[in-house]
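Asks:
Protein chains: 2
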Amino acid sequence: MNDDKNKSMAPSGEAVPKAVVSRLSLYLRELQRLIRDGQETTSSSQLGQMLGFSDAQVRKDLAYFGHFGHPGIGYRCDELVQAVRRILGTDRDWPVAIVGTGNLGTALLGYKGFGHQGFRIVAAFDVDAGKVGGSIVGVPIYDIERLPEVVDQQRIKLGIIAVPGPAAQGVADKLVAAGVEGIVNFAPVTLVLPTSVSQIGVDLAIELEQLSFAVVSRGESG
Amino acid sequence: MNDDKNKSMAPSGEAVPKAVVSRLSLYLRELQRLIRDGQETTSSSQLGQMLGFSDAQVRKDLAYFGHFGHPGIGYRCDELVQAVRRILGTDRDWPVAIVGTGNLGTALLGYKGFGHQGFRIVAAFDVDAGKVGGSIVGVPIYDIERLPEVVDQQRIKLGIIAVPGPAAQGVADKLVAAGVEGIVNFAPVTLVLPTSVSQIGVDLAIELEQLSFAVVSRGESG
DNA sequence: TAGATTGTTAATCGATTAACAATC
DNA sequence: TAGATTGTTAATCGATTAACAATC
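Those protein sequence lines, which keep their order, are chains H and W.
Note that our numbering has the first sequence beginning at 1, numbered continuously upward.
Note that our numbering has the second sequence beginning at 1001, numbered continuously upward.
1. Determine the DSSP secondary structure at HIS1116/W, reduced to helix, strand or coil.
2. Per DSSP, what are the beta-bridge partners of GLN1199/W in this structure?
3. For ASP37/H and PRO1194/W, I'd like the C-alpha separation in whole angstroms.
4. What does DSSP give as the partner residues of PHE1125/W in its beta bridges?
5. Could you give the uninterrupted runs of the alpha helix (DSSP H) lying entirely in the stretch 1016-1086 of chain W, keeping only those of 4 residues or more?
6. Got a sec: is the Cβ-Cβ distance from GLU1149/W to anything in chain H below 8 Å?
7. What does a CB cutoff of less than 6 Å around GLY48/H pick up in its chain, not counting 5 residues either side in sequence?
8. Which residues, in chain order, does the stretch 24-38 of chain H contribute to contact with chain W at a C-beta distance below 8 Å?
9. Here's a check: name, in chain order, each residue in its chain whose Cβ is nearer than 8 Å to the Cβ of GLN1082/W, leaving out the five neighbours to either side.
10. Assign ASP4/H to one of two classes, buried (16 or more other C-beta atoms within 10 Å of its C-beta) or exposed (fewer than that).
11. Are the CB atoms of GLY182/H and ALA1010/W nearer to each other than 8 Å?
12. Can you tell me whether ASP998/W is buried or exposed? The criterion is at least 16 other CB atoms within 10 Å of its CB, across all chains shown.
13. May I ask you to list, following chain order, the residues of the stretch 1205-1220 of chain W that have a beta carbon less than 7 Å from some beta carbon of chain H?
14. Given this structure, state the Cα-to-Cα distance separating VAL84/H from PRO1166/W, to the nearest angstrom.
15. By how many angstroms is the C-alpha of ALA168/H removed from the C-alpha of ALA187/H?
16. Can you give me, in chain order, the residues of the stretch 1092-1114 of chain W that have a beta carbon less than 9 Å from any beta carbon in chain H?
17. Can you tell me which residues form a DSSP beta bridge with LEU158/H?
18. Quick one: Cα of GLY170/H to Cα of LEU191/H, how far?
19. If contact is defined by three or more beta carbon pairs under 8 Å, each pair taking one atom from either stretch, is the stretch 117-125 of chain H in contact with the stretch 141-148 of chain H?
20. Is any heavy atom of the ligand SAH found at a distance shorter than 7 Å from the C-beta of ILE160/H?
21. ALA107/H: buried (16+ other C-beta within 10 angstroms of its C-beta) or exposed?
22. Taking the alpha helix (DSSP H) that LEU191/H belongs to, which residues open and close that run?
23. So, is ALA1177/W buried or exposed, given that buried needs 16 or more other C-beta atoms within 10 angstroms?
24. Is the distance from the Cβ of GLY1159/W to the Cβ of VAL1189/W below 8 Å?
25. What does the Cβ neighbour count give for LEU1031/W, buried or exposed, with the cut at 16 atoms within 10 Å?
26. Using the Cα positions of ILE206/H and HIS1067/W, report the straight-line distance between them to the nearest angstrom.
27. Nearest chain H C-beta to ILE1200/W closer than 8 Å, yes or no?
28. Among LEU109/H, ARG29/H, GLN199/H and SER45/H, whose alpha-carbon lies nearest the alpha-carbon of GLY138/H?
29. For GLU1209/W versus GLN117/H, is the C-beta distance shorter than 8 Å?
30. Interface residues of chain W around LYS174/H at Cβ under 9 Å?
31. Using 8 Å for Cβ pairs, my map puts ILE200/H next to LEU1211/W. What's the rounded Cβ distance?
32. Could you tell me which chain W residues have their CB closer than 9 Å to the CB of PHE65/H, listed as they occur along the chain?
33. Contact criterion: CB-CB distance below 8 Å. Does ASN1002/W meet it with respect to chain H?
34. Rounded to whole angstroms, what's the CA-CA distance from MET1/H to LEU1104/W? Just pull it up for me.
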């Protein structure tokens, strides 16, 4: 039973707010940077300070999932990275499919950051016959009709939608039918999906809108 | 006074939760689609249903900012679009600068969705001498050193960072020094900015991590 | 030991939901 | 009028913060 929109279950069975999970990714990013910088341990107050959260919040967030710290010492960076990756599921290998090889799709295919977290784009799909059969940074471009077959063969569980808005729902339906369990949608539309499939929407225009609001409301009141 | 991290002020002076503002953008997107589909009015329950929110939440969100509905009738789509755009600040013209013209920067430059919400990318910047002097989809590429001058001349208030992680903080500092008031950061690093500058972070790897967690935790418990 | 820092509890704060009078 | 739907209040629910005993 995990139908709730905003919660997951911690190992303890306690509900985990969705906001906690998004902070987990930020902790992970900072921890990986600290390790690159040669730091061996950190503390809830240091992590909090770097991200603008309170130390109490950092401790509480992590404590949902286990006892990762050492009283008097703090958290060992490498230990905590391992723990957070295990929690997020990025300690595994995730073959990913991307649909749409326009500007955005190409940018995503070229994005180096994915690999570090276990994500590997193994197949791209397009409707453009001129692109099918080619490849981008080594990733083959298939005809969208071959999606079921490739998803099955490559054991793909995650899909990225990078097609124009009007095509997005149809692509989502195809991904779902092929057995994909999670979708990141870059098209500016709300997808209707079965509740058994997870989705994350990233709308670039909406990000700018949020920024616009922040700037405008600050200007009016600050 | 609007230093609070998660709140803004409604016209009434009441605090507006940050989550409300992000839903505002979703309402706007649905409203614009309804209008394209020829629908003249909608209701809190319809908007809620399309987005997975309760009708009460939709009404409450909108009521932070004014009386936009008509009891017994609902909301007139065009009226509400106008109201929401006014609230978000996207009824104005926002000249935007983008720094970095790699794959992602190029994709963003080619993204059509911005224009509809008042955003206009008017200048791109890069350190690569081979790119400077050229243009992408009609947007000129300047040497990063000319940032202060161009930002000033074009009255640019918003900047997009699309450079590799290690270069992002330096670019942010330059944008801030040039007088930019808001930044969307696509680099996978936490920026340190004066509180007077708003920022939105978009980390593509983090989006996939969140999806991974959703899929994994569903699989374990559902 | 003294100092630092965790994990956890209780208190506070904030956001969502349910209910309903007012309105068209 | 009857039916539909808003805006708003009060009640519920959830998340964050502060405080501190336990631990190294």
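Backbone N, C-alpha and C define an ideal beta-carbon position, used for all residues, glycine too.
Replies: Looking at the coordinates:
1. helix
2. ILE1183/W
3. 24 Å
4. The beta-bridge partner set that DSSP reports for PHE1125/W consists of VAL1099/W and TYR1142/W.
5. 1018-1036, 1044-1051 and 1055-1063
6. no
7. Contacts found: SER54, ASP55 and VAL58.
8. Those residues of the stretch 24-38 of chain H placed with their C-beta closer than 8 Å to a C-beta in chain W are LEU24, SER25, LEU26, LEU28, ARG29, GLU30 and ARG33, ordered along the chain.
9. Counting only residues of its own chain and dropping the five nearest sequence neighbours on each side, GLN1082/W has a CB closer than 8 Å to the CB of ASP1091.
10. The predicted model places ASP4/H with a pLDDT of 38, which falls under 50 and marks its position as unreliable; any figure quoted below should be read in that light. By the 10 Å Cβ count, ASP4/H comes out exposed.
11. Their beta carbons are not under 8 Å apart, which means GLY182/H does not touch ALA1010/W by this criterion.
12. Since the first residue of chain W shown is 1001 and the last is 1222, residue 998/W is not available in this structure.
13. ALA1205, ILE1206, GLU1207, LEU1208, GLU1209, GLN1210, LEU1211, SER1212, PHE1213, ALA1214, VAL1215, VAL1216, SER1217 and ARG1218
14. Rounded to the nearest angstrom, the two C-alpha atoms are 23 Å apart.
15. 6 Å
16. ARG1092, TRP1094, VAL1096, GLY1102, ASN1103, LEU1104, GLY1105, THR1106, ALA1107, LEU1108, LEU1109, GLY1110, TYR1111, LYS1112, GLY1113 and PHE1114
17. VAL96/H and GLY182/H
18. 9 Å
19. Yes, the stretch 141-148 of chain H touches the stretch 117-125 of chain H.
20. The ligand SAH is absent from the structure shown, which contains no ligand whatsoever.
21. buried
22. Run containing LEU191/H: none; DSSP gives neither H nor E here.
23. exposed
24. no
25. Buried is the call here.
26. 24 Å
27. Cβ-Cβ to chain H under 8 Å: yes for ILE1200/W.
28. LEU109/H
29. yes
30. Neighbours of LYS174/H on chain W: none; closest Cβ ~18 Å, over 9 Å.
31. 5 Å
32. By Cβ distance, chain W contributes nothing, its closest Cβ being about 11 Å from PHE65/H, past 9 Å.
33. Because ASN1002/W carries a pLDDT of 33, less than 50, the predicted location of this residue cannot be relied on, and no value is offered for it.
34. Its pLDDT being 32, under 50, MET1/H is placed unreliably in this model, and the value from its coordinates should be taken loosely. Near 39 Å, if we compare the C-alpha coordinates of LEU1104/W and MET1/H.
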